[in-house]
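Position 60 of the sequence shown, counted from 1, bears residue number 60 in UniProt numbering, the numbering being contiguous throughout.
By construction, the Cβ of each residue, glycine as well, lies at the ideal position given by its N, Cα and C atoms.
Worksheet for the structure shown next.
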Amino acid sequence: MRQHLLLVDDETDALEELGELLEGEGFHCHCANSVSAAMLCLATWPAIALVITDLRMPDESGLRLIQNLRANPHHATLPVIVMSGHADMNDVIGLLPLHVVDFLPKPIYQERLIEVLNQRFPVAQPVAITDSEPGALSALPVSAQSA
């Protein structure tokens, strides 16, 4: 498994679909349907490496979640990706001082999200061990073996 991600969205179907997509890419996903549930997940799973949150939710917004994160010394630098189907320019401008990694409109362009995550968390290249000299082992990327 790759990094642990926290997905936050009040729309259960969207949350499940996003979780399935990202788990298919090797990430371990934790899901929350509210800001309070997200904060509980973060307290329970300290290995969470990034948050993907919807901006507009009924009780508290994704903006409030990010503000809570930035105010908490344990999560102040936690990377956040924001998604929304109803954001306007003022919403986007409000996110700038909160150091959001990216903003993605809904419906999510899956390839773009995976590209952003792969840039942040590169996939480890398989390594093959070769016997280059008697008694010595060296590690080469698998692609270098076939060259």
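Please report the straight-line C-alpha distance between residue i and residue j, rounded to a whole angstrom.
| i | j | result |
| --- | --- | --- |
| C31 | G62 | 14 Å |
| D102 | M57 | 18 Å |
| L96 | L7 | 20 Å |
| I81 | G94 | 14 Å |
| K106 | P73 | 30 Å |
| Q119 | D59 | 32 Å |
| D54 | V123 | 26 Å |
| A14 | R112 | 17 Å |
| G26 | Q110 | 15 Å |
| A71 | A37 | 17 Å |
| E115 | P79 | 15 Å |
| L117 | R2 | 11 Å |
| residue 151 | D9 | This structure gives no information on residue 151, because the portion of the chain shown stretches from 1 to 147. |
| H75 | G24 | 26 Å |
| M39 | Q67 | 12 Å |
| I108 | A43 | 27 Å |
| H99 | G85 | 20 Å |
Just to confirm, is the Cβ distance from residue i to residue j under 8 Å?
| i | j | result |
| --- | --- | --- |
| L104 | M83 | yes |
To which residues of the same chain is residue i closer than 7 Å at the C-beta, ignoring the five residues directly before and after it?
| i | result |
| --- | --- |
| H4 | H28, H30, W45, A47, I48 and A49 |
| V92 | F103 |
| E16 | none |
If you drop the 5 nearest sequence neighbours on each side, which residues of the same chain put their C-beta closer than 6 Å to that of residue i?
| i | result |
| --- | --- |
| E11 | none |
| A147 | Note that A147 scores a pLDDT of 49, beneath 50, so its modelled location is shaky; the value from the coordinates is reported in the next line. Within the same chain, A147 has no close Cβ partners at all. |
| C41 | L6, H30 and A32 |
| A87 | L55 |
| V35 | E60, R64 and L65 |
| T77 | none |
What does DSSP give as the partner residue(s) for residue i in the beta ladder?
| i | result |
| --- | --- |
| A32 | V8 |
| D54 | M83 |
| D102 | I81 |
| I48 | H4 |
Task: Segment contact, 8 Å Cβ cut-off, at least three pairs: the segment 43-50 with the segment 10-23 - done: As far as the Cβ criterion goes, the segment 43-50 does not touch the segment 10-23, which means the pair count is below three.
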